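So the sequence shown is numbered by our numbering: it starts at 30 and just counts up by one. By construction, the Cβ of each residue, glycine as well, lies at the ideal position given by its N, Cα and C atoms. Predicted model only: the values in this text are computed from it and were never measured. Notes follow the structure.
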Amino acid sequence: MTDYPHLLAPLDLGFTTLKNRVLMGSMHTGLEETRDWNRVAEFYAERARGDVALMVTGGIGPNLEGSVLPGAAMMTTADDVRNHSVVTGRVHEAGGKIAMQILHAGRYAYGPKCVAPSAIKSPISPFAPTELDEAGIEKQIADIVSAAVLAREAGYDGVEIMGSEGYFLNQFIVTHTNKRTDRWGGSYENRMRLPVDVVRRVRAAVGTDFIIIYRLSMIDLVPNGSTFDEVVELAQAVEAAGATIINTGIGWHEARIPTIATSVPRAAFAWVTRKLMGKVSIPVITSNRINTPEVAEDVLATGCADMVSMARPMLADAHFVAKAKAGKSGTIAPCIACNQACLDHTFSGKLTSCLVNPRACHETELVISKAPTPKRVAIVGAGPAGLSTALTCAERGHDVTVFDKASEIGGQLNMAKMVPGKEEFHGFVDWYGRMVAEMGIKVELGRAVSADDLDGYDEVIIATGVTPRDPGIPGQDAPHVVSYVDVLRGKADVGARVAVVGAGGIGFDVSEYLVHQGASPTENLPEWMAEWGVADPAEHRGGLAPEGPRPEAPAREVTLLQRKAEKHGKRLGKTTGWIHRAALNMKNVSFVGGVNYEAVEDGGLRVSFGAARENPTLIEADTIVLCAGQEPERSLADALIARGITPHVIGGADVAAELDAKRAIDQGTRLAATL
Ligand code: NAP
Ligand code: SF4
30 MTDYPHLLAP LDLGFTTLKN RVLMGSMHTG LEETRDWNRV AEFYAERARG DVALMVTGGI
90 GPNLEGSVLP GAAMMTTADD VRNHSVVTGR VHEAGGKIAM QILHAGRYAY GPKCVAPSAI
150 KSPISPFAPT ELDEAGIEKQ IADIVSAAVL AREAGYDGVE IMGSEGYFLN QFIVTHTNKR
210 TDRWGGSYEN RMRLPVDVVR RVRAAVGTDF IIIYRLSMID LVPNGSTFDE VVELAQAVEA
270 AGATIINTGI GWHEARIPTI ATSVPRAAFA WVTRKLMGKV SIPVITSNRI NTPEVAEDVL
330 ATGCADMVSM ARPMLADAHF VAKAKAGKSG TIAPCIACNQ ACLDHTFSGK LTSCLVNPRA
390 CHETELVISK APTPKRVAIV GAGPAGLSTA LTCAERGHDV TVFDKASEIG GQLNMAKMVP
450 GKEEFHGFVD WYGRMVAEMG IKVELGRAVS ADDLDGYDEV IIATGVTPRD PGIPGQDAPH
510 VVSYVDVLRG KADVGARVAV VGAGGIGFDV SEYLVHQGAS PTENLPEWMA EWGVADPAEH
570 RGGLAPEGPR PEAPAREVTL LQRKAEKHGK RLGKTTGWIH RAALNMKNVS FVGGVNYEAV
630 EDGGLRVSFG AARENPTLIE ADTIVLCAGQ EPERSLADAL IARGITPHVI GGADVAAELD
690 AKRAIDQGTR LAATL
């Protein structure tokens, strides 16, 4: 008897059966663009071996004008068919099924040749699209149909037609982007003609025994988006046109409401999909922030959908489903929804990976094999760098001991988890705890080891992390000046008015911590929806609350300071920086940049501005919190080196500047793979 009867139940599609209810949602990993098809194949095959029922590839362009980027993968030629068949063949050998997503980006295509229903530039693109004429629209349909036919030739089990997230087909549906007056615009019937025609013509071209998933925007989260009646009308028309499954899309890319970030509650939008249940007779998939088998099971058991889509969780752990099936869900590496190594990489033109699992998309290159000679390995530091090294060393057969002077594992992750909106970090630290036990790793906590203690080990790894940087502000020894460490560990009394020194990731985190009171909105869906202004699309077009965001009043008056004159948060994650900025703006945090820290005074912090130190100003504050970055903690490494022992130094102890868990875990895992 399984704990997940709904999740693991097969789904009969008539001409084929899916072995369970998990879809790996489409992710643009950048792998296809490497043109290394063996590597692409191994990425998907690894997930097929992990028992996911059906996978959807990253978006594949049907033509040049519709491709997301110049050079993005397309399905237009016999060569494309040959290349993709390497992937489908490997997935089928592994017992999996895979559908190719056909993504026409419309005005989101990053290039001057982009096309759209109307010539209206998107706020997130520098390129104004060309308005298509009748022949142009016919060409786009023909190209999408042709991509589907070629996908079938390449061995795919189906296609997903991307109709959500504000891409091409979605752009026709809403008046926000479609101002046409011909048969493709105006009435709703006209505006949905394109997606429905596309599905009908794809079905006619591929035959009846081929999966067509239509990804439908169920809540646009943009002005003049669809009403829910329109969503239902489209879903029914898409079913009648021949779709096999309807998948859920949440929010356009230009929406100013977070939809997948870690601060979004788990399964935050499953209620939207549930509204469609019973309105169509084909299976419906729900999506967004579903990251554990428990959440997925609950979503299915409560009738929100017939299937769940999980994308990033399949980066964090390719064997998610297999582990759930084996009753080992506690060992599933959790996706913490940080976006740091996946979407932030995609939007920076880098190959996707995963903070928690650096092997994601590096399956052929970062190979973890049994060590030829088992060794005794000592690791000092039980933060993410030390723990990830320990897990990989143990997997390879080494005898591993981890030491930490703290009384708990997790290092800096234990501070991150205190920040409202970062609750996923609790589960991350807990997972490390379970894995350390599962792998038989010895952990000695409360042990401040010296160089003497490390004699006799074959390998010594120093992962001692960082110490807070001393900004050297005159008067900073005053009692109302505290470190972020004391604040996030709950050891400091913080007053009503606060000046935060340093606007890096931690300055932002500390500010969020200080302006919140009570339970985090991430743990309370109605409160989170009110905070960001999300409404029921059955009541308000696009699901935007007419009164806009309604955040709780800030708990404190916070001023966030930095010396640089640039925009605050510019160096935060590409896909999450705007959310952190918006969240603090909603809590009336003052962003002050270009400052010199002159002195701490009784009433606050005196700053001046610019190289000429002009305009001395007192930032009135009861408490000043120092978040001025980090320095490597290398004293143990230096002591070992002085004795002629060369340890491996990783994580913050190696390079503290802009250290984050992503770099620490990647470095630790890669080192462990070589020992
Ligand atoms: P950080 O990102 O390096 O930021 C340090 C801040 O301190 C900067 O704003 C810097 O700005 C200021 N600073 C540096 N030297 C200073 C000095 N001598 N005196 C006064 N101010 C000084 O470090 P962090 O905030 O400690 O974060 C550590 C790492 O964790 C970063 O990689 C960060 O990205 C990551 N992290 C990320 C997040 C997130 O993405 N949400 C959250 C937490 C941590 P000025 O030089 O302009 O003053
Ligand atoms: Fe999830 Fe973060 Fe990994 Fe992306 S990088 S898959 S968000 S844990």
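Problem set entry | Nearest to Gly673 (by Cα), restricted to the options Val489, Val539, Pro322 and Cys656 | Distance from the Cα of Gly673 is smallest, within the candidate group Val489, Val539, Pro322 and Cys656, for Val489.
Exercise. When the Cα atoms are used, what is the spatial distance from Ser358 to His348?
Worked result: Rounded to whole angstroms, the gap between the alpha carbons of Ser358 and His348 is 10 angstroms.
For this session: Identify, in the order they occur along the chain, each residue of the same chain with its Cβ nearer than 7 angstroms to the Cβ of Gly632, setting aside the five sequence neighbours on each side.
Result: Listed in chain order, the non-local C-beta contacts of Gly632 below 7 angstroms within the same chain comprise Leu647 and Glu649, local neighbours out to five positions each way being set aside.
For this session: Pair every Cβ in the region 80-94 with every Cβ in the region 126-135, then say whether three or more of these pairs are closer than 8 angstroms.
Result: With a cut-off of 8 angstroms, the region 126-135 and the region 80-94 count as touching, because enough Cβ pairs lie within range.
Exercise. DSSP on Arg642, reduced to helix/strand/coil?
Worked result: Coil, per DSSP.
For this session: Grab me the residues of Val69's own chain with a C-beta within less than 7 angstroms of its C-beta, minus the 5 sequence neighbours each way, in chain order.
Result: So the list reads Leu60, Glu61 and Val116, once near-sequence residues are dropped.
Problem set entry | Assumed close pair Gly361, Lys352 - CB separation to whole angstroms, cut-off 8 angstroms | Note on residue identity: the sequence assigns Ile, not Gly, to residue 361. In this structure Ile361 touches Lys352 by the C-beta definition: roughly 5 angstroms separates them, less than 8 angstroms.
Problem set entry | Endpoints, the alpha helix (DSSP H) within which Ile491 is located | Judged by DSSP secondary structure, Ile491 falls outside any alpha helix (DSSP H) and instead within the beta strand (DSSP E) spanning Glu488 to Ile491.
Exercise. Secondary structure at Asp433, three-state DSSP: helix, strand or coil?
Worked result: It is a strand residue.
Problem set entry | Residues sharing a beta bridge with His677, DSSP | Looking at the DSSP assignment, His677 forms a beta bridge with Ile490.
For this session: Compute the beta-carbon to beta-carbon distance between Ser255 and Pro500, rounded to the nearest angstrom, for a pair I have assumed lies under 8 angstroms.
Result: For a cut-off of 8 angstroms, the C-beta gap from Ser255 to Pro500 is around 51 angstroms, too long to register as a contact.
For this session: Kindly indicate which residue of Glu541, Gly88, Val495 and Ala272 has the alpha-carbon position closest to the one of Ala657.
Result: Taking only the C-alpha atoms, the option nearest Ala657 is Val495.
For this session: Taking only the alpha-carbon atoms, compute the straight-line gap between Ser619 and Arg78 and give it to the nearest angstrom.
Result: Cα atoms of Ser619 and Arg78: separation of roughly 50 angstroms, rounded to the nearest angstrom.
Exercise. Which of helix, strand or coil does DSSP assign to Ser358?
Worked result: In the structure shown, Ser358 sits in a helix (DSSP, three-state: H, G or I).
Exercise. Hey, Ile190 and Ala177: beta-carbon distance below 9 angstroms or not?
Worked result: In contact: Ile190 and Ala177 (Cβ atoms closer than 9 angstroms).
For this session: Decide yes or no for the touch test of the region 324-337 against the region 281-290: beta carbon pairs closer than 8 angstroms, at least 3 of them.
Result: Short answer: they don't touch.
For this session: Use the C-beta contact count for Met444: other C-beta atoms within 10 angstroms, 16 or more gives buried, fewer gives exposed.
Result: Taking a 10 Å sphere around the C-beta of Met444, we find 16 or more other C-beta atoms and assign the residue as buried.
Problem set entry | Run of the beta strand (DSSP E) containing Glu586, from where it starts to where it stops | Looking at the DSSP string, the run of the beta strand (DSSP E) that includes Glu586 is Glu586 to Leu590.
Exercise. Can you list every residue whose CB sits closer than 6 angstroms to some heavy atom of the ligand SF4, going in chain order?
Worked result: Residues flagged by the Cβ proximity filter: Arg341, Leu344, Ala345, Cys364, Ile365, Ala366, Cys367, Asn368, Gln369, Ala370, Cys371, Cys383, Leu384 and Val385.
For this session: Check whether the Cβ atoms of Ser382 and Asp695 sit closer than 9 angstroms, and answer yes or no.
Result: Yes, Cβ-Cβ distance for Ser382 and Asp695 is below 9 angstroms.
For this session: Return the chain-ordered list of same chain residues with a C-beta closer than 8 angstroms to the C-beta of Gly524, the five sequence neighbours on each side being excluded.
Result: In the same chain as Gly524, and ignoring 5 residues on each side of it, the C-beta atoms closer than 8 angstroms to its own belong to His509, Arg585, Ala650, Asp651 and Thr652, in chain order.
Problem set entry | Backbone secondary structure at Asn625 - three-state DSSP | The answer is strand: DSSP assigns Asn625 an E or B state.
Problem set entry | Cβ-based neighbour list, Phe298, same chain, cut-off 8 angstroms, excluding 5 preceding and 5 following | Met247, Ile248, Thr277, Ile279, Thr288, Thr315, Ser316, Asn317 and Arg318.
Exercise. According to DSSP, is Gln200 helix, strand or coil?
Worked result: In the three-state scheme derived from DSSP, where H, G and I count as helix and E and B as strand, Gln200 is classed as helix.
Exercise. Going by other Cβ atoms of all chains shown within 10 Å of its Cβ, with 16 needed for buried, is Val654 buried or exposed?
Worked result: It is buried - the Cβ of Val654 has at least 16 other Cβ atoms within 10 Å.
For this session: Measure the CB-CB distance between Ala682 and Ala492 and report whether it falls below 9 angstroms.
Result: Against a cut-off of 9 angstroms, the Cβ pair of Ala492 and Ala682 comes out as a contact.
Exercise. Which same chain residues, not among the five before or five after Trp213, have their C-beta less than 7 angstroms away from its C-beta?
Worked result: The residues are Pro146, Ile166, Phe201, Asn219, Arg222 and Leu223.
Exercise. Using the beta-carbon count (16 or more within 10 Å), is Arg463 buried or exposed?
Worked result: Counting Cβ neighbours within 10 Å, Arg463 comes out exposed, since fewer than 16 surround it.
Exercise. Mind checking whether the beta-carbon of Arg635 lies closer than 8 angstroms to any heavy atom of the ligand NAP?
Worked result: Using a cutoff of 8 angstroms, the CB of Arg635 does not count as near the ligand NAP, since none of the ligand's heavy atoms is closer than that.
Exercise. Within 8 angstroms: the Cβ of Tyr593 and any heavy atom of the ligand NAP?
Worked result: First, the residue type needs correcting, since residue 593 is Lys and not Tyr in the sequence shown. Because some heavy atom of the ligand NAP lies under 8 angstroms away, the Cβ of Lys593 counts as near it: yes.
Problem set entry | Whole-angstrom distance between Gly426 and Lys168, CA atom to CA atom | Computed Cα separation, rounded: 57 angstroms.
Exercise. Is the number of C-beta pairs between the region 335-343 and the region 415-431 that are closer than 8 angstroms three or more?
Worked result: Between the region 335-343 and the region 415-431 there are fewer than three inter-stretch CB-CB distances shorter than 8 angstroms, so the stretches are not counted as touching.
Exercise. Who are the near neighbours of Glu182 in its chain, counting only those whose CB is closer than 7 angstroms to its CB and skipping five residues on each side?
Worked result: Taken in chain order, the residues that qualify are Val110.
For this session: Within the same chain, show all residues whose beta-carbon is closer than 6 angstroms to that of Ala701, passing over the 5 residues directly before and after it, in chain order.
Result: Cβ neighbours of Ala701 beyond the five flanking positions: Thr418, Thr421 and Cys422.
For this session: Report all residues from its chain with a CB closer than 8 angstroms to the CB of Arg76; omit the five preceding and five following residues, and keep chain order.
Result: Closer than 8 angstroms at Cβ, skipping near neighbours: Met53, Met84, Gly125, Met343 and Ala347.
Exercise. Considering only the beta carbon of each residue, do Leu198 and Gly140 sit closer than 9 angstroms?
Worked result: With contacts defined as CB atoms closer than 9 angstroms, Leu198 and Gly140 fail to qualify as a contacting pair.
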